[in-house]
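Peer 1: Same order as they appear, the protein sequences are chains A and B. If you count by our numbering, then the first sequence holds residues 234 to 661, one letter each, in order. If you count by our numbering, then the second sequence holds residues 260 to 283, one letter each, in order.
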Amino acid sequence: GVAKAIINLAVDGKAQNRSYERLSLLVDTVGPRLSGSRDLEKAIQIMYRSLLEDGLQHVHLEPVRVPHWERGEESLIMLEPRIHTMAVMGLGSSIGTPPNGITAPVLVVNSFEDLHKKALEALGKIVVYNQPFVSYQDTVKYRTRGAVQAAEVGAVAALVRSVTPLSIYSPHTGMQEYQENVPKIPAACITVEDAEMMARMASEGHQIIVHLKMGARNLPEADSFNTVAEIVGWKYPDEVVLVSGHLDSWDVGQGAMDDGAGAVISWEALSLIKDLGLRPKRTLRLVLWTAEEQGGIGSLQYFLLHKKNISKYSLVMESDLGTFLPIALQFTGSEEAKAIMKNIMCLLQPLNTTQLLDGGEGTDINYWIQAGVPGASLLDDLSKYFTFHHSQGDTMSVLNPKEMNVAAALWAVVAYVVADLEEMLPRD
Amino acid sequence: KAIRRYSSSRKTIQEMEEEIASYR
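#1: Looking only at DSSP bridge pairs, what is Gly608/A linked to?
#2: Checking the sheet assignment: what are the DSSP bridge partners for Met193/A?
#3: Along chain B, which residues have their Cβ under 8 Å away from the Cβ of Glu569/A?
#4: Along chain B, which residues have their Cβ under 8 Å away from the Cβ of Leu324/A?
#5: Tell me the rounded alpha-carbon separation between Leu665/A and Leu480/A.
#6: I need the boundaries of the alpha helix (DSSP H) containing Leu643/A, first residue and last residue.
#7: In or out: Lys260/B buried (at least 16 other Cβ within 10 Å) or exposed?
#8: First and last residue of the alpha helix (DSSP H) that includes Met434/A?
#9: In chain order, what residues of the same chain lie with their CB nearer than 8 Å to the CB of Thr223/A, ignoring the 5 residues before and after it?
#10: Determine the DSSP secondary structure at Arg263/B, reduced to helix, strand or coil.
#11: To the nearest angstrom, how far is the alpha carbon of Ile464/A from that of Leu256/A?
#12: Of all the CB atoms in chain A, is at least one closer than 7 Å to the CB of Glu276/B?
#13: Tell whether a beta-carbon distance below 7 Å holds between Gly448/A and Glu306/A.
#14: In chain order, what residues of the same chain lie with their CB nearer than 6 Å to the CB of Ile598/A, ignoring the 5 residues before and after it?
#15: Take Tyr253/A and list the residues in its own chain whose beta-carbon comes closer than 6 Å to its own, dropping the five residues that flank it on each side.
#16: Please check if any C-beta of chain B sits within less than 7 Å of the C-beta of Gly230/A.
#17: Give the straight-line distance between the Cα atoms of Leu509/A and Lys374/A, rounded to the nearest whole angstrom.
#18: With a threshold of 7 Å on Cβ separation, who are the neighbours of Trp522/A within its own chain once the five nearest residues in sequence on each side are excluded?
#19: Identify the contact partners of Val650/A in chain B, using a Cβ-Cβ distance below 7 Å as the criterion.
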């Protein structure tokens, strides 16, 4: 059968390790790909040429205006109670400090509630958040909202403990947001180790003074592109199964895991199908999003441009949680669609991954899912994901070619079968 | 949001299951 042929080609056949090799070629050559950077545009051009060379159809770029934030030089030094140079990483969209930096005493808090209790002490201080890691979703609010909450009580900067379950003195960056009518203060992340140490120092009654310097700048929006390629359906060419990952990353590590690998297994899904000479009934469309990390900027542009055809989208798929050994496919859709997807997952028995779970989502496909289109995301072994996420550790060394083979095979079988069914997935 | 084509679907879930099984 078709499913077995796809799996064999990806896992044991000529295509084994191809997605890993394609990814290493991209990220070793270009490195990280921050929104607005020349590196991201270079990556988009490389991918555009590669998709053409791969023989995919309708390869094209769709223009998007994207945020352009630059990190600049950064440093953080503890002056009291002892001299200690700390690892620091500015958060996306943060303003910089004045050229000479900010020297201020520290107020350590462990939650927003704790900050509000200590609000009267915050004026003129640098707030250090030492929030425990509960889960990414629960804890990331300290990164996104930490600066606003600190500024509201008069702080001059915010330092947020990195949102990670495990640290080997690694700062983890990510997006933060300002709020209208609240002063903008510099926001950066620090390591778990330094956040915990400052919490201990503060609880022992030491006064902590630090010097923070950040050269971050918010520049005018830049030109970028969503990268698109297709295998055009032979029977219902105007109907679409969308397969995707995002090509941009933060400016640290190589952006290999987040989300170069997701982008590459999505490409691989189309390559596997094409290599087998298969052509589904409806169109398989690969979209490599730009500026996901800045809040799904490229995917919003795509949604606004294409939503008029929303009734023609059978399924939207995004891989943005790593490409480690797959555990399940997460799916959001009607009960009828779920029953169909459960049947499709049975085809993945040779991969030993037949679970269909609720909660299919992704920053770039959520616009479609919220509008009623069935959506699917790859769930893999997440034990390592948030340890490397948005850090210098996000490199090829995290990835395993054999696990990527399995992820690509799963992705290709699901995309192909849904695209080849006689009918689109039913909606509520 | 609605897909008109499906609302007049000719296929039952059982028929869909048979169709999917053919990809094994």
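In this text, a Cβ means the ideal position worked out from N, Cα and C, and glycines have one as well.
Peer 2: On the basis of the data shown:
#1: Val549/A and Thr565/A
#2: Since the first and last residues shown for chain A are 234 and 661, residue 193/A lies out of range.
#3: Ile272
#4: The contacting residues do not exist; Leu324/A stays about 36 Å from chain B at best.
#5: Residue 665/A is absent from the structure shown; chain A starts at 234 and stops at 661.
#6: Pro634 to Asp653
#7: Any reading at Lys260/B needs caution, since the residue's pLDDT is 32, under 50, leaving its predicted position unreliable; the model's value is listed next. So Lys260/B counts as exposed.
#8: Val425 to Ser436
#9: Chain A is shown from 234 up to 661; residue 223/A falls before or after that span and cannot be answered.
#10: Residue confidence is low: Arg263/B scores 39 on pLDDT, short of 50, so the model does not pin down where it sits. Its coordinate-derived value is still stated next. Note: Arg263/B maps to helix in three-state DSSP.
#11: 21 Å
#12: yes
#13: yes
#14: Val549, Glu551 and Gly608
#15: Pro634 and Met637
#16: Since the first residue of chain A shown is 234 and the last is 661, residue 230/A is not available in this structure.
#17: 45 Å
#18: Asn459, Ser477, His479, Leu480, Gly531, Ser532 and Asp597
#19: Ile279 and Tyr282
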